[in-house]
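Written below as structure tokens is the structure these notes are about.
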Amino acid sequence: MAGNLLHPLEIDVLSCNTWGMYGNDFPADDTSGGLLGEVEAAETALREAAERGRHGAVGADPAAYFAEVIAADQKVEPRDWMPEAYRATLIRQIAQHAHSEIIGMQPEGNWITRAPSLKRKAILLAKVQDEAGHGLYLYAAAETLGVSRDELVDLLLSGRQKYSSIFNYPTLSWADMGTIGWLVDGAAIVNQVPLCRCSYGPYARAMIRICKEESFHQRQGYEILYTLAHGTPAQREMAQESVNRWWYPSLAMFGPPDTDSTHSAQSMAWKIKRFSNDELRQRFVDMCVGQAEVLGLTLPDPALRWNDERGAYDFTQPDYAELMRVIKGAGPCNRQRMEHRRRAHREGAWVRAAAAAYAAKQANKKEQASKKEKVA
Amino acid sequence: MSEYSEPTGQPGGAPPAPLWEVFVRARRGLAHTHVGSLHAADAELALRNARDLYTRRQEGVSIWVLPAAAITASSPDEKDAFFDPAADKVYRHPTFYEVPEGAAHL
Chain D
430 MAGNLLHPLE IDVLSCNTWG MYGNDFPADD TSGGLLGEVE AAETALREAA ERGRHGAVGA
490 DPAAYFAEVI AADQKVEPRD WMPEAYRATL IRQIAQHAHS EIIGMQPEGN WITRAPSLKR
550 KAILLAKVQD EAGHGLYLYA AAETLGVSRD ELVDLLLSGR QKYSSIFNYP TLSWADMGTI
610 GWLVDGAAIV NQVPLCRCSY GPYARAMIRI CKEESFHQRQ GYEILYTLAH GTPAQREMAQ
670 ESVNRWWYPS LAMFGPPDTD STHSAQSMAW KIKRFSNDEL RQRFVDMCVG QAEVLGLTLP
730 DPALRWNDER GAYDFTQPDY AELMRVIKGA GPCNRQRMEH RRRAHREGAW VRAAAAAYAA
790 KQANKKEQAS KKEKVA
Chain F
28 MSEYSEPTGQ PGGAPPAPLW EVFVRARRGL AHTHVGSLHA ADAELALRNA RDLYTRRQEG
88 VSIWVLPAAA ITASSPDEKD AFFDPAADKV YRHPTFYEVP EGAAHL
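For the protein sequence lines, the chains are D and F, in the order given.
According to our numbering, the first sequence is numbered sequentially starting from 430.
According to our numbering, the second sequence is numbered sequentially starting from 28.
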């Protein structure tokens, strides 16, 4: 991912609060943009939209005002009037995104104790911790739409809401930690960067923060694969085998083809979504080809070739029937992931109860003390 | 769902932990800025959770947490009426005044 480096940033406080905070993470000699450049641009656009402001009243027709805000590329904020379907769509999308981050800790958690060095272990821990953080930013964004955290947790645990199908695949080798970072997080970034411009303010701001952190995830994965691909023949083979297994499930992360995608058109009109599933999938493939070459690994698609006319790579589509099966619960790890999540939640119950009891006890003590003071 | 019956704060379960708004001072010389929110049983836990959630990359040198319930907000519905008094007082801005030619340091 050379070429996607972050620009050195000026300090400015009117922002999503990530502005100026990540300037030290990357060398400053590259300003060519790329995905992180797009995140920066989205953040700039958000600031500019905020500075343009909205003159004029909400007036008697809140629906017209809402349409105006969307048309002017302004952000819709939590207490604004919004169509119920807009609210419901966002809750569904943000919640499922949050669930994916929470479940997404499991495939990598599987390798923390077996990381090949202390350095890799520390990095993997940090990455899994980031994913928990991303889940929490997103739950908080969903809560601004009027759904409670407990409802959201229940929706996941009861299986009424889904998470990304990719996390239902097992992590069989250490190389999978590399491939997940490169392909799975790479696909997630391609999906998520346009969401930094989503019309709903809290979601857009959460996505800006997440995309900046996600970039470390992708690079650490790429570095693992690069190291393996340039190691012993066995390590190289492990890396290639892992890429072979993850390539098509990663392509399926972009969802069904546009012809079958049910939510797309309205989401595009509301500027929740900016590009279609197929457009994003194509962008991902075009990025990966060069990156695979640098790794010295092969993408497992004999039909993959440059199409001069389209200015893009032709590639074999993933098996969408498999995607549907995995979404419906028949993936290799669906049951295991859900059971683990439920158990973790159950086993954490005493911690939540203890924290609440302690808070109540302290509040009570304070109250008693202030009563005594008044009497004295 | 029958296979899952553990209380998670739904009626009959424990009450949900209160919501806290988190403000971070990025560095000396800057004001605390709102960065997001989280749930925690009390202020001390809210502060520790805020550290783990919002300052994993040295994003701050100081954190405030406020119970969200303690915030009083002006509603966007009242936007015009509420902020009207300032709308017709352009003379509060220096650009309102004409400075005669030749007058310096104004």
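Where is the CB? At the ideal position from N, CA and C, for every residue including glycine.
Among the options, which one has its Cα closest to the Cα of residue i?
| i | options | result |
| --- | --- | --- |
| D/Pro731 | D/Ala681, D/Met682, D/Trp676 | D/Trp676 |
| F/Gly87 | F/Thr99, F/Ala58, F/Ala131 | F/Ala58 |
| D/Asp743 | D/Gln590, D/Leu728, D/Val505, D/Ala750 | D/Leu728 |
| D/Glu480 | D/Asp502, D/Leu465, D/Phe495, D/Glu497 | D/Asp502 |
| D/Tyr632 | D/Leu475, D/Gly466, D/Glu802, D/Arg665 | D/Leu475 |
| F/Ala67 | F/Asp79, F/His61, F/Gly56 | F/Asp79 |
| D/His769 | D/Pro507, D/Glu477, D/Leu465, D/Met534 | D/Met534 |
| D/Lys550 | D/Glu506, D/Gly564, D/Gly650, D/Phe683 | D/Gly650 |
| D/Pro545 | D/Gly607, D/Ala788, D/Val718 | D/Gly607 |
| D/Phe596 | D/Ala668, D/Ala721, D/Met767, D/Ile520 | D/Met767 |
| F/Trp85 | F/Arg54, F/Phe110, F/Ser101 | In the sequence as presented, Trp is not what sits at residue 85 of chain F; that position holds Gln. If we check each option's Cα against that of F/Gln85, F/Arg54 comes out closest. |
| D/Ile552 | D/Gly610, D/Pro599, D/Pro507 | D/Gly610 |
| D/Gly575 | D/Tyr655, D/Lys803, D/Ser602, D/Glu506 | D/Glu506 |
| D/Glu666 | D/Leu726, D/Ile639, D/Ala694 | D/Leu726 |
Under a three-way DSSP split, which group does residue i fall into?
| i | result |
| --- | --- |
| D/Arg549 | helix |
| D/Ser671 | helix |
| D/Asn736 | strand |
| D/Ser461 | Unreliable positioning characterises D/Ser461 in this predicted model, as indicated by a pLDDT of 44, which lies under 50. The coordinate reading is nonetheless provided below. It is coil, neither helix nor strand. |
| D/Gly610 | helix |
| D/Trp779 | helix |
| D/Leu581 | helix |
| D/Phe645 | helix |
| F/Leu133 | coil |
| D/Gly725 | coil |
| D/Gly575 | coil |
| D/Trp540 | coil |
| D/Ser587 | coil |
| D/Ala592 | Reading the sequence as shown, one finds Tyr at residue 592 of chain D and not Ala. D/Tyr592 falls in the coil class under three-state DSSP. |
| D/Ala527 | helix |
| F/Leu57 | coil |
| F/Ala114 | helix |
| D/Asp748 | coil |
| F/Arg52 | strand |
| F/Pro121 | helix |
| D/Val718 | helix |
| F/Leu46 | strand |
| D/Ala741 | strand |
| F/Val62 | strand |
Give me the Cβ distance between residue i and residue j, rounded to the nearest whole Å; I'm assuming they're in contact under 8 Å.
| i | j | result |
| --- | --- | --- |
| F/Val49 | F/Val92 | 6 Å |
| D/Ala493 | D/Ala570 | That belief does not hold up - the Cβ atoms of D/Ala493 and D/Ala570 are roughly 26 Å apart, past 8 Å. |
| D/Asp559 | D/Glu642 | 5 Å |
| D/Ala604 | D/Ser671 | 4 Å |
| D/Ile756 | D/Ser644 | 27 Å between Cβ atoms; not a contact. |
| D/Arg829 | F/Pro43 | No statement about residue 829 of chain D is possible, as the shown extent of chain D runs from 430 to 805 and does not include it. |
Nearest chain A C-beta to residue i closer than 8 Å, yes or no?
| i | result |
| --- | --- |
| F/His66 | In the structure shown, chain A cannot be found, because the protein chains are D and F. |
Against chain D: residues of the stretch 70-89 of chain F by CB proximity under 9 Å: Ala70, Glu71, Leu72, Asn76, Asp79, Leu80, Tyr81, Arg83, Arg84, Gln85, Glu86, Gly87
Cβ-based contacts, 9 Å cut-off: residues of the stretch 571-590 of chain D near chain F: Glu572, Thr573, Ser577, Arg578, Asp579, Glu580, Val582, Asp583, Leu586, Ser587, Gly588, Arg589
Contact residues within the stretch 505-522 of chain D, judged by C-beta distance below 9 Å to chain F: Glu506, Arg508, Asp509, Trp510
Against chain F: residues of the stretch 773-784 of chain D by CB proximity under 9 Å: His774, Arg775, Ala778, Arg781, Ala782, Ala783, Ala784
Stretch pair the stretch 577-585 of chain D + the stretch 524-543 of chain D: three plus CB contacts closer than 8 Å: yes
Given 8 Å, three or more beta-carbon pairs between the stretch 689-701 of chain D and the stretch 501-518 of chain D: yes
Any 3 or more C-beta pairs closer than 8 Å across the stretch 617-626 of chain D and the stretch 468-479 of chain D: yes
Members of the stretch 553-570 of chain D that neighbour chain F once the beta carbon cut-off is set at 8 Å: Ala555, Gln558, Asp559, Gly562, Leu565, Tyr566, Ala569
Inter-stretch contact (C-beta, 8 Å, three-pair minimum) for the stretch 682-695 of chain D and the stretch 648-666 of chain D: no
Stretch pair the stretch 710-725 of chain D + the stretch 735-742 of chain D: three plus CB contacts closer than 8 Å: yes
Contact residues within the stretch 521-536 of chain D, judged by C-beta distance below 7 Å to chain F: none
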